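A.B. asks: Under the working numbering, the first residue of the sequence shown is numbered 2, with each subsequent residue one higher.
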Amino acid sequence: MAVQTGDPGTGLGAWASCKRGASTAWSAVRQAYAALNARLTVFNAYFRTTAFYRFLTYGPLIRLIARSLQRRIIFANLIGLIILIGGIVYLSRNHIWLIDAKRESLRAQGEIIAAAIAANASLDADRRIVLDPDRLPEIEGSKSPLRDDGFAALQLSIAPERVTPILKRLVPGTETRARVYAQDGTMIVDTDQLLLRRQRTEVGKDRDGQLKVRSQWTRFLTWLMRGEVQVYREIGAGNGLAYPEVRIAMNSGTATAMLLVNDKYEQIVSMAVPIQYRKAVQGVLLLSSRPGEIDDILQEERNVIMALAATALATTIFASWVLARTIAGPMRRLSEAAEAVSRNISARNELPGLTDRVDEVGQMTTAFHKMTASLYRRIEASERFAQDVAHELKNPLTAARSTAEALAYAKTPEMQRELVGQIQAELTRLNKLISDVANASMLDADLARQQTEPVDMRELIPGIAAIFTDRLSENTRKVEVKMEEDGASPTAFIVRGHEARLGRVITNLLDNALSFSPEHGVVSVVMRRIGPEVEIVVEDEGPGIPPDKLDDVFQRFYSDRPQTDRTVGKNSGLGLSITRDIIAAYGGRVWASNRPAAAGGTVVRHDELPELKDRRMPGIAGARFTVRLPAWDAAATRGAPTVGRRT
Numbered sequence: 002m003a004v005q006t007g008d009p010g011t012g013l014g015a016w017a018s019c020k021r022g023a024s025t026a027w028s029a030v031r032q033a034y035a036a037l038n039a040r041l042t043v044f045n046a047y048f049r050t051t052a053f054y055r056f057l058t059y060g061p062l063i064r065l066i067a068r069s070l071q072r073r074i075i076f077a078n079l080i081g082l083i084i085l086i087g088g089i090v091y092l093s094r095n096h097i098w099l100i101d102a103k104r105e106s107l108r109a110q111g112e113i114i115a116a117a118i119a120a121n122a123s124l125d126a127d128r129r130i131v132l133d134p135d136r137l138p139e140i141e142g143s144k145s146p147l148r149d150d151g152f153a154a155l156q157l158s159i160a161p162e163r164v165t166p167i168l169k170r171l172v173p174g175t176e177t178r179a180r181v182y183a184q185d186g187t188m189i190v191d192t193d194q195l196l197l198r199r200q201r202t203e204v205g206k207d208r209d210g211q212l213k214v215r216s217q218w219t220r221f222l223t224w225l226m227r228g229e230v231q232v233y234r235e236i237g238a239g240n241g242l243a244y245p246e247v248r249i250a251m252n253s254g255t256a257t258a259m260l261l262v263n264d265k266y267e268q269i270v271s272m273a274v275p276i277q278y279r280k281a282v283q284g285v286l287l288l289s290s291r292p293g294e295i296d297d298i299l300q301e302e303r304n305v306i307m308a309l310a311a312t313a314l315a316t317t318i319f320a321s322w323v324l325a326r327t328i329a330g331p332m333r334r335l336s337e338a339a340e341a342v343s344r345n346i347s348a349r350n351e352l353p354g355l356t357d358r359v360d361e362v363g364q365m366t367t368a369f370h371k372m373t374a375s376l377y378r379r380i381e382a383s384e385r386f387a388q389d390v391a392h393e394l395k396n397p398l399t400a401a402r403s404t405a406e407a408l409a410y411a412k413t414p415e416m417q418r419e420l421v422g423q424i425q426a427e428l429t430r431l432n433k434l435i436s437d438v439a440n441a442s443m444l445d446a447d448l449a450r451q452q453t454e455p456v457d458m459r460e461l462i463p464g465i466a467a468i469f470t471d472r473l474s475e476n477t478r479k480v481e482v483k484m485e486e487d488g489a490s491p492t493a494f495i496v497r498g499h500e501a502r503l504g505r506v507i508t509n510l511l512d513n514a515l516s517f518s519p520e521h522g523v524v525s526v527v528m529r530r531i532g533p534e535v536e537i538v539v540e541d542e543g544p545g546i547p548p549d550k551l552d553d554v555f556q557r558f559y560s561d562r563p564q565t566d567r568t569v570g571k572n573s574g575l576g577l578s579i580t581r582d583i584i585a586a587y588g589g590r591v592w593a594s595n596r597p598a599a600a601g602g603t604v605v606r607h608d609e610l611p612e613l614k615d616r617r618m619p620g621i622a623g624a625r626f627t628v629r630l631p632a633w634d635a636a637a638t639r640g641a642p643t644v645g646r647r648t
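1) Helix, strand or coil, according to DSSP, for Lys412 in the structure here?
2) Roughly how many whole angstroms lie between the Cα atoms of Ile89 and Ile80?
3) For the beta strand (DSSP E) containing Val247, name the first residue and the last one.
4) Please state whether DSSP places Gly422 in a helix, a strand or coil.
5) Is Arg208 helix, strand or coil by DSSP?
6) Between which two residues does the alpha helix (DSSP H) carrying Gln110 extend?
7) Rounded to a whole number of angstroms, what is the C-alpha to C-alpha distance between Phe44 and Ala77?
8) If distances are taken between C-alpha atoms only, which option among Ile462, Gly22 and Val274 comes closest to Ala258?
9) Would Gly545 pass as a contact of Arg478 if the rule is Cβ separation under 8 Å?
10) In terms of residues, what are the limits of the alpha helix (DSSP H) holding Lys265?
11) Can you confirm whether the segment 360 to 367 touches the segment 316 to 331 when touching is taken to mean that 3 or more C-beta pairs between the two stretches lie within less than 8 Å?
12) Does the beta-carbon of Arg379 have 16 or more other beta-carbons within 10 angstroms, so that it is buried, or is it exposed?
13) In chain order, which continuous runs of the beta strand (DSSP E) of length 3 or greater are located wholly inside the segment 422 to 510?
14) What's the gap between the Cα of Glu112 and the Cα of Val305?
15) Can you confirm whether the segment 498 to 514 touches the segment 534 to 544 when touching is taken to mean that 3 or more C-beta pairs between the two stretches lie within less than 8 Å?
16) Which of helix, strand or coil does DSSP assign to Tyr34?
17) Gly241 and Tyr182: beta carbons closer than 8 Å?
18) Check Val523 in the structure and name its three-state DSSP category.
19) How far does the alpha helix (DSSP H) with Phe319 in it extend, from its first residue to its last?
20) Can you name, in chain order, every residue of its own chain whose Cβ lies under 8 Å from the Cβ of Met528, other than the five neighbours on each side?
21) Given this structure, state the Cα-to-Cα distance separating Leu168 from Arg178, to the nearest angstrom.
22) In the DSSP assignment, what are the bridge partners of Val282?
23) Taking only the alpha-carbon atoms, compute the straight-line gap between Cys650 and Asn440 and give it to the nearest angstrom.
24) Run the CB neighbour count on Trp633, radius 10 Å, all protein chains shown included, and call it buried at 16 or more, exposed below.
25) Rounded to a whole number of angstroms, what is the C-alpha to C-alpha distance between Arg502 and Ile583?
26) For Ala26, which beta-bridge partners are listed by DSSP?
27) Identify the continuous alpha helix (DSSP H) that holds Gly623 and give its terminal residues.
28) In the structure shown, what three-state DSSP assignment does Leu287 receive?
29) Does DSSP put Lys144 in a helix, a strand or coil?
30) Would Arg497 and Pro631 be called neighbours here (beta carbons separated by less than 8 Å)?
31) I need the DSSP call for Met272, collapsed to helix, strand or coil.
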């Protein structure tokens, strides 16, 4: 049975629509990012012209901090601590939450006590509070319309003998002072006069009764607050209407709270609760916290915070010391050692030995050691190069000078022409040598200055081989190129480098191979892909290379060929050395080897070059030079290639 699953064209259309939508959204995001980037660029350019930017960049504080890495570390660690301390100061000044809690506590306590006083409460034999229900304060809106509240004042007189037991029963054990004032402000009861000294909590003393010393920090914060709150004045048994909160509660019939500060910089929360009967205010109950009670609570919390801040400061100082010792100190020693090396290269052994560290400092120290060693090797190589150049330049000059001196003793024109030809040959050799020395001297700088680019060796090698074929058109030697592609991708033979430099490598190898090839010899160039590398093999049919000279052939000014009239002035001994340097700069490797003979016997060539006769070794059919370079696609996935050794 066939099941219809829908039109596939509809699904493809939906998918294409989704792709278009995603492409449109991505284009919009890119445009928005470009616009934002352009605006940020304009803002950055404008910001750099402002005085604030100049202050942040060149200001005295920035210069002081940026003078050393140690100061930057300390400042970076202290800035968080400064923010913490600033937050502590801010929170210490803004402890409204504690004042609100104390205010609500006093309000609840005051309403209970005021209700008990208004209800003419008394204590029974068991010291339990007994209330008169008829005298309890009425709920808002429950007053009888037939009742005249003008008589309420006559029915309630706040008698001290009834108020005193209530306050003794409710106030002891608390840190609250209670005072009751009549309508005219006369003080009726004050708990400070009723409670025994042992019952009264004296804030400001510790448990042993010793007077606490208020911290200067608390005095400073309270002094800052003094301009924002009213100052409390103790009036004793004076008229209570002198207190603003009592006066407001007496006149409005609403509970009133105030935050006060006494002359000792101690905070006091005061709550005035009206004592009402039948909606008539008969007096005011004034509850106030003990001076310093809030300050002591804040001080306890502040002590904890300060202890944490002190711990954070000690930790910050210790961390700054550790970072300065493990980072700034080694960096300073590296800087001093680098300055010493810049003045005297022999001081390279004075670099600090921090290579055993696995962090960035150890990596930088290792890099310094490698850089200094490389610099010293370059200096030594330059010295050897200068000595070799001087030696190589002296040879043709000495020969030309000797020939010129012999020219004066030539008796026949034929002898004179022969000597002049020898002088010209030596001068040609000298010119070739100077050109090669100049190219070798500029090679390192050019390789370090130029950026690598993709070079397709499938196009480069055949082009160079075609040039050699044209040069050898009247010669019996040949150059053959073979590509072992085997289904390789179009980018399989692309390498990193410079086309001119890589062309110089192939040219040097072909020149060297042709110079040793017999009259009818063939120089073959084979290119193949081996894993992540491109291999180029140049083979000739010459006498080969002595096994103990396979590495020496890449040394500067090395030459093992006999000097004849045909070869004089054509080889400076720098070609293979330049080839090795170029290949190493691109992360590749080059080495020399010999081609074994087919049957393992001695190869006999009747067209051997005259100067190379009797040089062919048994079992060798010619020389082979192998070059391996990292492929472009492999190098892109692995990162920068490394210089390898010959395998």
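Where is the CB? At the ideal position from N, CA and C, for every residue including glycine.
Note that the structure is predicted; figures quoted are calculated from it, not measured.
C.D. replies: In brief:
1) The answer is coil: DSSP assigns Lys412 none of H, G, I, E or B.
2) Rounded to the nearest whole angstrom, the CA to CA distance from Ile89 to Ile80 is 14 Å.
3) Counting along the chain, no beta strand (DSSP E) covers Val247; the unbroken alpha helix (DSSP H) around it starts and ends at Pro245 to Ser253.
4) DSSP places Gly422 in the helix class (H, G or I) of the three-state scheme.
5) Low confidence applies here, because Arg208 scores a pLDDT of 44, under 50, leaving its location unreliable and the question unanswered by this model.
6) That run of the alpha helix (DSSP H) goes Ile97 to Ala119.
7) Going by the C-alpha atoms only, they are around 27 Å apart.
8) The option with the nearest alpha carbon to Ala258 is Val274.
9) Taking a C-beta distance under 8 Å as the contact criterion, Gly545 and Arg478 do not qualify as a contact pair.
10) DSSP places Lys265 outside any alpha helix (DSSP H), giving it a letter other than H or E.
11) Per the Cβ contact rule, the segment 316 to 331 is in contact with the segment 360 to 367 (3 or more Cβ pairs under 8 Å).
12) Under the 10 Å beta carbon count, Arg379 is surrounded by fewer than 16 other beta carbons and is classified as exposed.
13) The beta strand (DSSP E) runs lying completely inside the segment 422 to 510 and spanning 3 residues or more are 454 to 457, 479 to 485 and 495 to 498, given in chain order.
14) Those two C-alpha atoms are separated by around 35 Å.
15) Result yes; three or more Cβ-Cβ pairs closer than 8 Å.
16) The three-state reading of DSSP puts Tyr34 in helix, counting H, G and I together.
17) Cβ distance < 8 Å, so Gly241 and Tyr182 count as in contact.
18) Collapsing the DSSP output to three states places Val523 in a strand.
19) For Phe319, the enclosing alpha helix (DSSP H) has its first and last residue at Glu294 to Leu324.
20) Result list for Met528: Met458, Arg459, Ile462, Val482, Lys483, Met484, Glu485, Phe494, Val535, Glu536, Ile537 and Val538, in chain order.
21) Rounded to whole angstroms, Leu168 to Arg178 spans 10 Å at the Cα level.
22) The secondary-structure analysis by DSSP pairs Val282 across a beta bridge with Gln277.
23) The requested residue 650 is not part of the displayed model; the chain covers only 2 to 648.
24) Buried.
25) The straight-line gap from Cα to Cα measures roughly 7 Å.
26) Note: Ala26 sits in no beta bridge, so no partner.
27) Looking at the DSSP string, Gly623 is not in any alpha helix (DSSP H); the run it does join, the beta strand (DSSP E), is Ile621 to Pro631.
28) Leu287 falls in the strand class under three-state DSSP.
29) The predicted position of Lys144 is uncertain, since its pLDDT is 42 and thus under 50; no value can be drawn from it.
30) Between Arg497 and Pro631, the C-beta gap is smaller than 8 Å, which places the two residues in contact.
31) In the structure shown, Met272 sits in a strand (DSSP, three-state: E or B).
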